[in-house]
Amino acid sequence: MNDIAAFIASVHPYDSLSPDELARAAAAFVRRTYPAGSVIYHQGDRLAGLYLIESGLVRVSDSAGDSVSELATRHSFGERGLLRDGVAVTTATAVDDATVLMLPRAELTRLIGSHRAVARFFDRVGLPGSRGSDLALLKVGDLIGRKAPLSCTPQTPAIDAALAMRDARVSSIGVLDGDRLVGLVTIRDMSNRIVAEGRDANVPVAQVMTPDPITLSPADLGYDVLNIMLERRIGHLPVIDKGRFVGMVSQTDLTRVQAISASALIRDIAQAEDIAGMVAATARIPELLVQLVNGHHRHETVTRMITDIADAVTRRLLVLAETRLGPPPGPWLWAACGSQGRQEQTGLSDQDNCLILGDDCDPDDPWFADLARHVCDGLNACGYVYCPGEMMAINPRWRQPRRVWRGYFRDWIAHPSPQAQMLASVMFDLRAIGGDAALLDGLQAETLGMAAKNSIFVAHMIANAMKHRPPLGLIGGFATARSGEYRNQIDMKHNGVVPVTDLARIYALQGQLTPVNTRARLVEAQAAAIISGRGARDLIAAYDLIQTTRLENQAAQIRAGERPGNGLAPAALPDFQRSHLRDAFVVVRGMQAALGHGKGMLG
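In the UniProt record's numbering, the protein residues as written are 1 to 603.
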């Protein structure tokens, strides 16, 4: 038992237990040995408890016998089935001689109920619900950002402090004696205590400052800021972290946070008279993303709000273009595909769009080319960069009458080449943005019907979906990029989100489901029994965790003054978060394997 206690003390979350609880957990563990090649449990077996590898290597495989994970010392397995209904969802086999510790289900349940760290570690589906963007619930640390606050010494002449505030475009300055905050000077102090009293502007700030001001910590809430400012009738509060002056919260900061909302940005975009006005609005999207993530909005809410802004920009550009170009020569529809089509845009998005024209329209009419150029150029100026693959309406191929589009889809379905599969995958995510939406409605239903009936096309779509694999490495780790932009990182878009997006698209195709959004497709696939309830719940939970982690990482990049991207370093994550993320990738890999073996209906 002492050996077991020493071992589990080095494994999270047991390392968080008190000595007495650690001893009790160690006494509950049962040590078992398995020769190389022996099965620890089969899929469908009733699980006695949770397994923890003490030594050796264990392979976890799916229903088709494909390996989805190889785990080594200190890795747990079996928890997904154990904590759901007690039935194994995978098969575990000893690759070489293995010693495994088994914690009975009753003891694991007790630990989860008694210890927050254990509960958090094994909560594979629990994500914070939306608390809204209520200013009162935001932390002070989120309000101040990471920029160093303005400061001066007590001996600094008041005029120098005023010039420093002017140049920095702030309304207050902290007064430091060494590293200790001893006072605060505001523009209002300058006005009331120097100008109004006719004092010399070179007087030391120590004579006009507010000494020993009320302070906050980064962990305090916006609620505390509001209360103190209202009660004390003050407009600035210094923030102190471990004795250091790290920031300043002002009434202006509170107003700014309340003003940064999707609705406010959409309003500003709708009222913009030119592209410059829209550029100013979209420049605030990173700050909105940080605010939404800090407010614990669900990922589908965040991406929907950010996509709504892209839609508003597109529609405003269409209005401005039509005003400049005059009446169109015939009916047209501007449609978005890709992440905008699925309403899943994040802080990093290029543009994917097309024009569907009425059948009587001439695609070579310069009016349509000018419309496409005006909108695509405007989107690029607003931060939605040109599509590297030229999947845009400025490309004549993607600016065609409805009858030509119908021919495109028929040809892709009848002759499913790799390029056809790629194009079909993008175009199945079309969504009307502006113009005559009727040009798309019937076309989508017709295409879904044709594609679903063509088993060869569906098989090619499945094969195409297998190209994007979750970043699972050997021995329980992650497969990170060895070179390039995301060296030593995992690509949370192409290896995290895209595999689920591909799966959802195929489920929608199999069931002729009309939603375009990935999560909505998964929910409808479950309701239509395209995938089992258990498989759907696991996949939805995995997708929620992957997309949430991606957004949290982008928000952290923005707070650090970086451009948001899709690269994530697994080593930077806490143990429990890294473990959960890996479990999510295992679920996705298992669903890919089931689909690839023709068992998509089994989940």
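A virtual CB, placed ideally from N, CA and C, is assigned to each residue, including glycine. Source: prediction; values computed, not measured.
Identify, in the order they occur along the chain, each residue of the same chain with its Cβ nearer than 8 Å to the Cβ of residue i, setting aside the five sequence neighbours on each side.
{"i": "N202", "result": "P157, A158, I159"}
{"i": "I266", "result": "D308, I309, A312"}
{"i": "A335", "result": "G341, N353, C354, L355, I356, L430, R431, A432, I433, L440"}
{"i": "I240", "result": "L181, T215, L216, S217, V246"}
{"i": "G81", "result": "L47, V87, A88, V89, T90"}
{"i": "M392", "result": "Q351, D352, N353, C354, A372, C376, Y386, W398"}
{"i": "L472", "result": "V68, S69, F478, A479, R582, F585, V586, R589"}
Can the beta-carbon of residue i be found less than 8 Å from the beta-carbon of residue j?
{"i": "M450", "j": "I413", "result": "yes"}
{"i": "R316", "j": "A270", "result": "yes"}
{"i": "Q400", "j": "P366", "result": "no"}
{"i": "P286", "j": "A206", "result": "no"}
{"i": "C152", "j": "A161", "result": "yes"}
{"i": "C337", "j": "V426", "result": "yes"}
{"i": "L448", "j": "V375", "result": "no"}
{"i": "L22", "j": "A5", "result": "yes"}
{"i": "Q554", "j": "T346", "result": "yes"}
{"i": "F121", "j": "S579", "result": "yes"}
Starting from the C-beta of residue i, find all residues in its chain whose C-beta is less than 6 Å away, skip the five residues before and the five after it, and write them out in chain order.
{"i": "M492", "result": "R550, N566, L568"}
{"i": "T252", "result": "none"}
{"i": "T91", "result": "H42, Q43, S61"}
{"i": "V586", "result": "V68, S69"}
{"i": "D220", "result": "V140"}
{"i": "D84", "result": "It is worth fixing the name first, because residue 84 is Arg in this sequence and not Asp. No residues qualify anywhere along the chain."}
{"i": "T314", "result": "I433"}
{"i": "A584", "result": "A542, L545, I546"}
{"i": "R519", "result": "E300"}
{"i": "T282", "result": "C382, G383"}
{"i": "A424", "result": "W412"}
Give the range of the beta strand (DSSP E) segment to which residue i is assigned.
{"i": "E300", "result": "Run containing E300: none in the beta strand (DSSP E); it sits in the alpha helix (DSSP H), 299-325."}
{"i": "T514", "result": "No beta strand (DSSP E) holds T514; DSSP gives it neither H nor E."}
{"i": "A336", "result": "332-336"}
{"i": "A432", "result": "431-435"}
{"i": "residue 605", "result": "The structure shown does not extend to residue 605, since the chain spans only 1 to 603, so no value can be given for it."}
{"i": "V426", "result": "Where V426 is concerned, there is no enclosing beta strand (DSSP E), although the alpha helix (DSSP H) it sits in stretches over 418-427."}
{"i": "N353", "result": "353-357"}
{"i": "V239", "result": "236-241"}
{"i": "D220", "result": "No beta strand (DSSP E) contains D220, which DSSP labels as neither H nor E."}
{"i": "G174", "result": "172-177"}
{"i": "I40", "result": "39-41"}
Can you give the beta carbon distance from residue i to residue j, rounded, assuming they're within the 8 Å contact cut?
{"i": "P213", "j": "L184", "result": "4 Å"}
{"i": "G235", "j": "S250", "result": "6 Å"}
{"i": "D502", "j": "H460", "result": "Incorrect: roughly 12 Å between the Cβ atoms, too far for contact."}
{"i": "Q343", "j": "N517", "result": "5 Å"}
{"i": "L539", "j": "L513", "result": "That pair is no contact at about 15 Å."}
{"i": "R403", "j": "D359", "result": "5 Å"}
{"i": "V39", "j": "V95", "result": "Actually they are not in contact, since the Cβ atoms of V39 and V95 sit about 12 Å apart, beyond 8 Å."}
{"i": "M248", "j": "S172", "result": "6 Å"}
{"i": "D179", "j": "G243", "result": "7 Å"}
{"i": "I8", "j": "A26", "result": "6 Å"}
{"i": "M305", "j": "A264", "result": "That pair is no contact at about 11 Å."}
What does a CB cutoff of less than 7 Å around residue i pick up in its chain, not counting 5 residues either side in sequence?
{"i": "D575", "result": "H12"}
{"i": "E273", "result": "none"}
{"i": "V125", "result": "Interpretation of V125 is limited by its pLDDT of 48, a score under 50 that renders its predicted location unreliable; the figure taken from the coordinates is listed afterwards. Hits under 7 Å: A541."}
{"i": "W405", "result": "I356, L443"}
{"i": "A593", "result": "D62, A64, D66, V68"}
{"i": "A106", "result": "none"}
{"i": "M591", "result": "L503, G535, L539"}
{"i": "A164", "result": "L150, C152, I173"}
By the DSSP assignment, the alpha helix (DSSP H) with residue i in it spans what residues?
{"i": "G49", "result": "That residue, G49, is in no alpha helix (DSSP H); its beta strand (DSSP E) goes 49-55."}
{"i": "D20", "result": "19-28"}
{"i": "V95", "result": "Run containing V95: none; DSSP gives neither H nor E here."}
{"i": "G533", "result": "533-559"}
{"i": "L181", "result": "Note, L181: premise wrong, no alpha helix (DSSP H); beta strand (DSSP E) at 180-186."}
{"i": "V586", "result": "575-596"}
{"i": "L288", "result": "285-294"}
{"i": "L265", "result": "262-271"}
{"i": "R110", "result": "105-114"}
{"i": "E446", "result": "438-453"}
{"i": "E70", "result": "First-last for E70: 67-71, but that is the beta strand (DSSP E), not the alpha helix (DSSP H)."}
Using a Cβ-Cβ distance under 8 Å, would residue i count as near chain D?
{"i": "L17", "result": "The question asks about chain D, but that chain is absent: this structure has only one protein chain."}
Please tell me whether, using a cut-off of 7 Å, the distance from the CB of residue i to the nearest non-hydrogen atom of the ligand MG is below it.
{"i": "H597", "result": "In terms of ligand content, the structure shown is empty, and the ligand MG therefore cannot be addressed."}
(Q) Would you call the region 499-507 in contact with the region 524-533, where contact means no fewer than 3 C-beta pairs closer than 8 Å? (A) yes
Q: Evaluate the contact criterion for the region 45-60 versus the region 91-110: three or more CB pairs, one atom per stretch, below 8 Å.
A: yes
Q | the region 372-382 touching the region 272-287, judged by at least three CB pairs closer than 8 Å | A | yes
Q | Inter-stretch contact (C-beta, 8 Å, three-pair minimum) for the region 14-30 and the region 107-125 | A | yes
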